[in-house]
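In the working numbering, the protein residues as written are 1151 to 1213.
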């Protein structure tokens, strides 16, 4: 199964699976998810600050 197994059902269903190479990224992806969960408030604050600058027309300028 290279791109996913397509099943002849309604609604359409496609099953995907990681390849052995893709599975080598599991620990990296888990670390990325953990980082994002640990920094959710910081990310939200950064987004809000960006949005405030965008409304004022300064979104593309370096802070």
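Glycine residues also receive a C-beta, built at the ideal position from the N, C-alpha and C atoms.
Minimum C-alpha distance to residue i - residue among the options
i: residue 1163; options: 1155, 1181 and 1170; result: 1155
Where the alpha helix (DSSP H) containing residue i begins and where it ends
i: residue 1164; result: Taken as a continuous stretch (DSSP letters only), residue 1164 belongs to no alpha helix (DSSP H), being part of the beta strand (DSSP E) at 1163-1165.
i: residue 1183; result: 1176-1188
i: residue 1168; result: Here residue 1168 belongs to no alpha helix (DSSP H), and DSSP marks it neither H nor E.
Reduced DSSP category for residue i - H, G, I as helix; E, B as strand; rest coil
i: residue 1151; result: Caution is warranted here: a pLDDT of 44 is assigned to residue 1151, below 50, making its placement in the model unreliable, and no coordinate value can be reported.
i: residue 1205; result: helix
i: residue 1200; result: helix
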